[in-house]
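Residue numbering for the sequence shown follows my numbering, beginning at 1190 and increasing consecutively.
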Amino acid sequence: MFPMNVVVCVKQIPDPAAPQSLEPGTHTLARSGKLIMDDSDAYGVEMALQLADAAGGGEVTLVSMAPGGETSGLRTALAMGAAKAILISDDALKGSDALGTAKVLAAAIKRAEPDLIIAATESSDGYTGTTPVQVAELLGLPSVTFAKSVTVDGQTVKVERQTESGFDEVTSPLPALVTVTAGVVEPRYPSFKGIMAAKSKPVDTLTVADLGLDASTVGAAGAGQEITDVAEAESRSSGEIVVDEGDGAARIVAFLETLKVI
Ligand SMILES: Cc1cc2nc3c(=O)[nH]c(=O)nc-3n(C[C@H](O)[C@H](O)[C@H](O)COP(=O)(O)OP(=O)(O)OC[C@H]3O[C@@H](n4cnc5c(N)ncnc54)[C@H](O)[C@@H]3O)c2cc1C
C-alpha cells in the first residue's frame, strides 16, 4: 500500500440557481457575491477521498482560484472530508482566461507535490473543458480525460475513459492528471460533524507573487481570450403535437427523417 496525496481542483462559482449578471464592459460573469462549489467538482472530491482511503493513507488537498478570498465552496469540500485547501485570490487575476487560470492552478498544485490531480471534465459556468489539460501540460504530466472509473494500483492509475460508443481502458504512470465525469462516483453529503470540522481546516491563501508568477502573464494582462459579445439564447419554439389518427407512427418516422436522425 502506498499513501496517496491527491489534489482536487475545485472551482467556486456563482450559484447557478440565483439570477446572474455580467460585468459591464468585459462581458464576464459577475463573481462578487457568495460563491459555491461547482457541482461538477463534488465528483472529483468524492473520487479523491475514496482513492486515498483505498490506498490506506495520504490526504486530499483542494486547489481553487477565486476572487475576493472566497472560501464558501472550499468549506463544502472540506466538510466532505478533504484535509486542507490552497486558495489563490488576487485582484491581478481579474480577467484571467483559461490558460491564465491553468498557469495559476499549476503553480499552486506543484507546491502540494501530489501523486494524482483530479479535476472535472468541464465547469458548469465557463465549460471550456480546457483548463485541466493545460495544467497537466504546464506541469509536464500525462493527462487522462473523461474518466467514468478510476483505480490506482501502486504507481499506476487505471481509467475507464468514456467514449461515444462505450469506454477505453487507459493506464498511466503516476503522477498524472485525470478529469472525471459526473457519475464516476456518487458524492457524499457533508455530515454535521464534517461541517463543524471544516471550519477549522487550513486554507492557505496565496497571491500571484507568492506563487512566483509574473503578473503580466496572468489576469487581463496575460489573457489571449476575450469575450467580444454576449447574446440572449434563442427562446425555444413549442414542439409540434402529433395526434394519432392511425398514422401517428408514420408521421413521427417522417418527422425524424426530416431531421436526418434515422
Ligand atoms: C476573457 C476571459 C475573462 C475572464 N475573466 C474572469 C474574471 O475576471 N474572474 C473570474 O473569476 N473568471 C474569469 N474568467 C473565467 C475563468 O478564467 C475561468 O475559470 C477559466 O477560464 C476556466 O475556464 P472554464 O470555467 O471554462 O473551466 P473548464 O476548463 O471547463 O474547467 C474544467 C475543470 O477545471 C477546474 N477549474 C477550472 N477553473 C478553476 C478554478 N478557477 N479553480 C479551480 N479549479 C478550476 C475545475 O475542476 C473545472 O471543473 C474569464 C474567462 C475568460 C475567457
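Think of the CB as a built atom: it goes at the ideal place given N, C-alpha and C, for glycine as much as any other residue.
For P1256, the distance from the CB to the nearest heavy atom of ligand 1 is below 6 Å. With a cutoff of 7 Å on beta-carbon distance, L1366 and P1321 are scored as near each other. At the C-beta level, L1305 and E1259 stay beyond 7 Å of one another. For E1358, the enclosing beta strand (DSSP E) covers residues F1356 to P1362. Under the DSSP definition of a beta bridge, R1350 partners with A1336 and D1357. Taking each of P1256, I1277, G1435 and D1286 in turn and checking the Cα distance to Y1316, the smallest one comes out for D1286.
Ranked by Cα distance from V1407, the options A1309, A1281 and A1244 are led by A1281. Counting along the chain, the unbroken alpha helix (DSSP H) around T1447 starts and ends at G1437 to T1447. Counting along the chain, no beta strand (DSSP E) covers K1388, and no H or E run does either. Under a 10 Å Cβ-count criterion, Y1378 is classified as exposed, with fewer than 16 other Cβ atoms of the shown protein chains found around its own Cβ. Going by C-alpha positions, V1432 is about 21 Å away from V1450. The three-state reading of DSSP puts V1195 in strand, counting E and B together.
One Cα belongs to D1204, the other to A1295, and the distance between them is close to 25 Å.
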